[in-house]
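The sequence shown begins at 555 in the numbering used here and counts up one residue at a time.
Just so it is clear, CB atoms sit at the ideal spot from N, CA and C, and this is done for glycine as well.
Here the structure comes first, spelled out in structure tokens, and everything after it is commentary.
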Amino acid sequence: MSERYSILPPGPTALTIADKDTFIRAARAQWPRCRIVQAGLSPEDSDADAYPVFEGYEVEICHFPENKVISCSGPFNQPGVAEVAAWVRSLNPDPNLVLWLTDTFFTGHVVLTPGITADEIRASWVDHAEHDPTVEYPEYFGN
């Protein structure tokens, strides 16, 4: 079963990851054979999706209109999610843009630093049952 992950700033910021056109160009450059679908019926919908294939299965990558969230789906410990997260971080290497990879239920996260690799992402998952991000990162959660 695939899990959905989001790559986003953990708190409010004026900085963005990448606009839709940059996302599409970069996805085509990274995965030349990936399918691209443009949509965007409402602000809650993605405005562009890319579908690269990793080891025989397709990963859905969704870009959202405010340019601050990109999501993907797939199993965390297999090729796909970590590679996508490292690629998304590379879209805006500005160290002032703090990005996290987190799951749908916010049970954990990985801080995505500029230059991070897929292997580093898989090895860096922080379990929120053991580390409360609202306590450890009060600057993002208003504590």
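- Within the same chain, Val664 come within 6 angstroms of serine 678 by CB-CB distance, once the 5 residues on both sides are set aside.
- Between asparagine 621 and threonine 656, the gap from beta carbon to beta carbon reaches 8 angstroms or more.
- One alpha carbon belongs to proline 566, the other to leucine 653, and they sit about 11 angstroms apart.
- Under the DSSP definition of a beta bridge, arginine 579 lacks any partner.
- Under the three-state reduction of DSSP output, threonine 656 falls in the strand class.
- Per DSSP, glutamate 637 is one residue of the alpha helix (DSSP H) stretching across 635–645.
- For alanine 677, no beta strand (DSSP E) run applies; the uninterrupted alpha helix (DSSP H) run containing it begins and ends at 672–677, by DSSP.
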